[in-house]
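Undergrad: Top line first, the protein sequences correspond to chains C and Z.
The numbering used here runs 1 ahead of the 1-based position in the first sequence.
The numbering used here runs 1 ahead of the 1-based position in the second sequence.
Glycine included, C-beta positions come from ideal geometry on N, C-alpha and C.
Quick caveat: nothing in here was measured; it's all calculated off a predicted structure.
Pasting in a structure now, in structure tokens, and then I'll have a few things to ask.
There are 2 protein chains.
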Amino acid sequence: MARTTGSDGGRTEAAIRDAAINLMARFGYEAVSMRQLAAEVGVQAAALYRYFPTKEELLFTLMREHMEGLLAAWEAVRPATDDPRAELAAYVRNHIRFHVERRHSTHVSNMELRSLSRDNLTAILRLRTAYEKELRQILRDGTEAGVFDVDDIGLTAIAIIQMITGVIVWFRPDERLSVEEVVETYLAMTMRLTGAEKPGERAHVHANA
Amino acid sequence: MARTTGSDGGRTEAAIRDAAINLMARFGYEAVSMRQLAAEVGVQAAALYRYFPTKEELLFTLMREHMEGLLAAWEAVRPATDDPRAELAAYVRNHIRFHVERRHSTHVSNMELRSLSRDNLTAILRLRTAYEKELRQILRDGTEAGVFDVDDIGLTAIAIIQMITGVIVWFRPDERLSVEEVVETYLAMTMRLTGAEKPGERAHVHANA
DNA sequence: GAATTAATTGAACGTTCGTTTTATTATTTT
DNA sequence: AAAATAATAAAACGAACGTTCAATTAATTC
């Protein structure tokens, strides 16, 4: 046989992306074969090469779009304020919501960096760095304004991202907690971590020596 | 050729473990072939099978010993006190020190769970759960004693472990920060996260409404 | 309705994979 | 020094891998 009835390039490509994200999130990039992926899509392996030149290019496309989507989502919700607390809250909320909604592609983007060629890796890391830089800037602004109490900005930024990305390891949308409850709990922990004063709050804790 | 001069089973097995941890941490379990591993050790691939029956059993052994080592290290340093703050501090310090010292096996243990068979996975997760349970107990004790202010114990425990394990992603021992500096910074963040009162401290922050 | 383009199949390519088998040599035991 | 055992090499197994190529059919254009 050859071209099948009702076949459509756009739909097939979307199906490939979808299946690839699911399979690679579950079994890992290396463990998923092009034949397995094709079977999931419902085509022969050769058909995949009409849409992606190599397996790695497929992975790279998925990761790049994930990172670009994350940055775009942040740009879209970034508040027009100069209160670092509001900015930090928006950052954390966006991060968790975005990642919970896209657990599988987050998993792939976080776990499969080592399967990229040098150039592709560099491109992804550049996007990641740009995203983390936003958080560092918020922490710096807040520290200078005196509303955060952060010792090491770079270290704190990494710790926060690590913590709030960890949600996707355990969170499943149908459990006792809703997404919004989780978001607020993590936000509260983040605020504590940065020593953020709540709006209306004036003083830090003082030890009674 | 066959048996080589000076060959020794004990040394070869140790060399296999060592090379396996390094290679698998760098390239991932699936991406490392038995031939590549053998070449790193300096033997033929067939020789590996004298020490480990399958590739997966080798992985499982490495992961099991890592987790057992982590639990053993904690048992060894667990303080004989009922102050949850001291216990939490000991837990965090031990966790970071252990993981920084064993970056590669930590990486393997965290990343390669999906390459295990069901039974082997269950065994590793059992160890992991036992380890996390220790932290939850500390948080629970501290919350009941009123020295911690934790909203959701399970969620906080996961967030803390995620945060303090994240050290190995970026920390390299020869940089501007020493291990002990990093340990203390993360400890401070953990204490803030849990709302821990410092010894000698009496009150929490109060909002000025 | 003929020509063109899009989408896919089926077979095949050479390579590498984890693993097994058999033979061979070094070392230890008797 | 002979016998037994430990440690390895060398070669081979069938299966699976990513990828390519030629053929074929569906849909679209002219």
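#1: Between the region 52-85 of chain C and chain Z, which residues of the former have CB atoms less than 9 Å from a CB of the latter, in chain order?
#2: Please name the residues in the region 96-117 of chain Z whose beta-carbon is closer than 9 Å to at least one beta-carbon of chain C, in chain order.
#3: Beta carbons nearer than 9 Å to chain Z: which residues of the region 17-45 of chain C have them?
#4: Among residues of its own chain, excluding the 5 on either side of Ala-21/Z, which ones have a beta-carbon nearer than 7 Å to its beta-carbon?
#5: If you pair each beta-carbon of the region 79-91 of chain C with each one of the region 48-56 of chain C, do three or more pairs fall below 8 Å?
#6: Would you mind giving the Cβ-Cβ distance between Ile-125/C and Tyr-187/C, rounded to the nearest angstrom? I have them listed as a contact below 8 Å.
#7: CA-CA distance, Glu-145/Z and Tyr-92/C?
#8: So which residues of chain Z does Leu-219/C contact, with C-beta pairs closer than 7 Å?
#9: Report yes if the CB atom of Val-148/Z is closer than 9 Å to the CB atom of Arg-86/Z, and no otherwise.
#10: Check the Cβ-Cβ distances between Thr-166/C and every residue of chain Z, and say whether any is below 9 Å.
#11: Compare the C-alpha of Ala-158/C against each of Met-112/C, Ile-17/C, Asp-142/C and Thr-6/C and name the closest.
#12: Pop quiz: Glu-69/C and Leu-128/C are said to be a contact at Cβ under 8 Å. What is the actual Cβ separation, rounded to whole angstroms?
#13: Is it buried or exposed for Arg-203/Z, if we count other Cβ within 10 angstroms and need 16 for buried?
#14: Going along chain Z, which residues have a C-beta under 7 Å from Arg-193/C?
#15: List the residues of chain C that Asp-153/Z touches, going by C-beta distances under 7 Å, in chain order.
#16: Is Val-217/C close to chain Z, meaning its C-beta is less than 9 Å from at least one C-beta of that chain?
#17: Determine, using beta carbons only, whether Gln-163/C and Val-170/Z come nearer to each other than 9 Å.
#18: Out of curiosity, what's the CA-to-CA distance linking Glu-176/Z and Asn-23/Z?
#19: What first and last residue would you give for the alpha helix (DSSP H) that runs through Glu-145/C?
#20: According to DSSP, simplified to helix, strand and coil, what is Asp-19/Z?
#21: Any beta-carbon of chain C closer than 9 Å to the one on Ile-139/Z?
#22: Under a Cβ-count criterion, where at least 16 other Cβ atoms within 10 Å of its own Cβ denotes burial, should Gly-7/C be classed as buried or exposed?
#23: Who are the neighbours of Ile-159/Z on chain C, taking C-beta pairs under 7 Å?
#24: Could you tell me how far apart the beta carbons of Ile-161/Z and Thr-191/Z are, in whole angstroms, since I believe they sit closer than 8 Å?
#25: Run through DSSP, which three-state label would Tyr-187/C get?
#26: Looking at the unbroken alpha helix (DSSP H) that takes in Ala-3/Z, where does it start and where does it end?
#27: Taking 9 Å as the threshold (beta carbon to beta carbon), is Val-180/C in contact with chain Z?
#28: Hey, does Ala-87/Z have any beta-carbon neighbour from chain C nearer than 9 Å?
#29: Evaluate Ala-210/C with the Cβ neighbour count: other Cβ atoms within 10 Å of its Cβ, from every protein chain shown; 16 or more gives buried, anything less gives exposed.
#30: Which residues in chain C sit within 9 Å of Ala-189/Z, going by Cβ to Cβ distance?
#31: Look at the alpha carbon of Arg-36/Z and the alpha carbon of Val-44/C, and state the distance between them as a whole number of angstroms.
#32: Have a look at Phe-99/C and Thr-107/C and give me their C-alpha separation to the nearest angstrom.
#33: Exposed or buried, what is Ala-73/Z when buried is set at 16 or more other beta-carbons lying within 10 Å of its beta-carbon?
#34: How many whole angstroms separate the CB atoms of Met-112/Z and Gly-167/Z, which I take to be in contact at a CB cut-off of 8 Å?
#35: Judging by CA-CA distance, which residue of Glu-41/C, Phe-61/C, Trp-75/C and Val-183/C is the nearest neighbour of Lys-134/C?
TA: Working from what's here:
#1: Residues of the region 52-85 of chain C whose Cβ lies closer than 9 Å to any Cβ of chain Z: none.
#2: Residues Met-112, Glu-113, Arg-115 and Ser-116.
#3: Flagged, chain order: Arg-27, Phe-28, Gly-29, Tyr-30, Glu-31 and Ala-32.
#4: On the second sequence, position 20 is the one that residue 21/Z refers to. Excluding the 5 residues flanking it on each side, Ala-21/Z has same chain C-beta neighbours closer than 7 Å at Leu-38, Leu-59 and Leu-63, in chain order.
#5: These segments do not touch.
#6: Numbered from 1 along the first sequence, position 124 holds the residue referred to as residue 125/C. Numbered from 1 along the first sequence, position 186 holds the residue referred to as residue 187/C. In fact, because the Cβ distance is near 25 Å, the residues do not count as touching under 8 Å.
#7: Start at 1 with the first residue of the second sequence, and residue 145/Z comes out as number 144. Start at 1 with the first residue of the first sequence, and residue 92/C comes out as number 91. When rounded, the distance between both Cα atoms is 32 Å.
#8: In the structure displayed, chain C extends from 2 to 210; residue 219/C sits before or after that span and is not available.
#9: In the second sequence, counting from the first residue as 1, residue 148/Z sits at position 147. In the second sequence, counting from the first residue as 1, residue 86/Z sits at position 85. Cβ atoms of Val-148/Z and Arg-86/Z: closer than 9 Å.
#10: The residue you call residue 166/C lines up with position 165 of the first sequence. Interface residue, yes.
#11: Counted from its first residue, the first sequence places residue 158/C at position 157. Measuring C-alpha to C-alpha distances from Ala-158/C to each of Met-112/C, Ile-17/C, Asp-142/C and Thr-6/C identifies Asp-142/C as the nearest.
#12: For the purposes of this step, residue 69/C is taken as residue 68 along the first sequence, with counting starting at 1. For the purposes of this step, residue 128/C is taken as residue 127 along the first sequence, with counting starting at 1. With 8 Å as the limit, Glu-69/C and Leu-128/C qualify as a contact, their Cβ atoms being about 7 Å apart.
#13: Your numbering for residue 203/Z matches position 202 in the second sequence. Note on Arg-203/Z: pLDDT 43, under 50, position unreliable in the model; the coordinate value appears next. Classification of Arg-203/Z: exposed, given that the 10 Å Cβ count is below 16.
#14: Mapped onto the first sequence, residue 193/C falls at position 192. By Cβ distance, chain Z contributes Arg-193, Leu-194 and Gly-196.
#15: Your numbering for residue 153/Z matches position 152 in the second sequence. Those are Thr-186, listed as they occur along chain C.
#16: Residue 217/C lies beyond the range of chain C shown here (2 to 210); nothing can be said about it.
#17: Taking the first residue of the first sequence as position 1, residue 163/C is located at position 162. Taking the first residue of the second sequence as position 1, residue 170/Z is located at position 169. In this structure, Gln-163/C lies near Val-170/Z, with their beta-carbon atoms less than 9 Å apart.
#18: Residue mapping note: residue 176/Z aligns to position 175 of the second sequence, counting from 1. Residue mapping note: residue 23/Z aligns to position 22 of the second sequence, counting from 1. The straight-line gap from Cα to Cα measures roughly 21 Å.
#19: On the first sequence, residue 145/C is found 144 positions in, with the first residue counted as 1. Run containing Glu-145/C: 119-146, per the alpha helix (DSSP H) assignment.
#20: The residue you call residue 19/Z lines up with position 18 of the second sequence. Assigned with DSSP and collapsed to three states, Asp-19/Z falls in helix.
#21: In the second sequence, residue 139/Z corresponds to position 138, counting from 1. It does not; no Cβ of chain C falls within 9 Å.
#22: Along the first sequence, read from residue 1 onward, the residue named residue 7/C stands at position 6. It counts as exposed.
#23: Against the second sequence, residue 159/Z aligns to sequence position 158. Taking a Cβ-Cβ threshold of 7 Å, the residues of chain C close to Ile-159/Z are Gly-167 and Trp-171, in chain order.
#24: Against the second sequence, residue 161/Z aligns to sequence position 160. Against the second sequence, residue 191/Z aligns to sequence position 190. At roughly 6 Å, the Cβ-Cβ gap stays under 8 Å, so Ile-161/Z and Thr-191/Z are in contact.
#25: Working through the first sequence from its first residue, we reach residue 187/C at position 186. Correct three-state label for Tyr-187/C: helix.
#26: Taking the second sequence and counting its residues from 1, one reaches residue 3/Z at position 2. Ala-3/Z -> no alpha helix (DSSP H), and no H or E assigned at all.
#27: Mapped onto the first sequence, residue 180/C falls at position 179. So, not an interface residue.
#28: One-based indexing of the second sequence puts residue 87/Z at position 86. When Cβ-Cβ separations below 9 Å define contact, Ala-87/Z makes no contact with chain C.
#29: Counted from its first residue, the first sequence places residue 210/C at position 209. Because Ala-210/C sits at a pLDDT of 32, beneath the cut-off of 50, its placement in the model cannot be relied upon, and the following sentence gives the value as read from the coordinates. Counting Cβ neighbours within 10 Å, Ala-210/C comes out exposed, since fewer than 16 surround it.
#30: Position 188 of the second sequence, counted from the start, is the residue given in the question as residue 189/Z. Chain C residues near Ala-189/Z: Asp-152.
#31: Start at 1 with the first residue of the second sequence, and residue 36/Z comes out as number 35. Start at 1 with the first residue of the first sequence, and residue 44/C comes out as number 43. Approximately 33 Å, taken between the alpha carbons.
#32: Working through the first sequence from its first residue, we reach residue 99/C at position 98. Working through the first sequence from its first residue, we reach residue 107/C at position 106. Cα-Cα distance, rounded: 9 Å.
#33: Position 72 of the second sequence, counted from the start, is the residue given in the question as residue 73/Z. When all chains shown are included, Ala-73/Z counts as exposed.
#34: For the purposes of this step, residue 112/Z is identified with residue 111 of the second sequence, where counting begins at 1. For the purposes of this step, residue 167/Z is identified with residue 166 of the second sequence, where counting begins at 1. That belief does not hold up - the Cβ atoms of Met-112/Z and Gly-167/Z are roughly 13 Å apart, past 8 Å.
#35: For the purposes of this step, residue 134/C is taken as residue 133 along the first sequence, with counting starting at 1. Comparing Cα-Cα distances from Lys-134/C to each of Glu-41/C, Phe-61/C, Trp-75/C and Val-183/C, the minimum goes to Trp-75/C.
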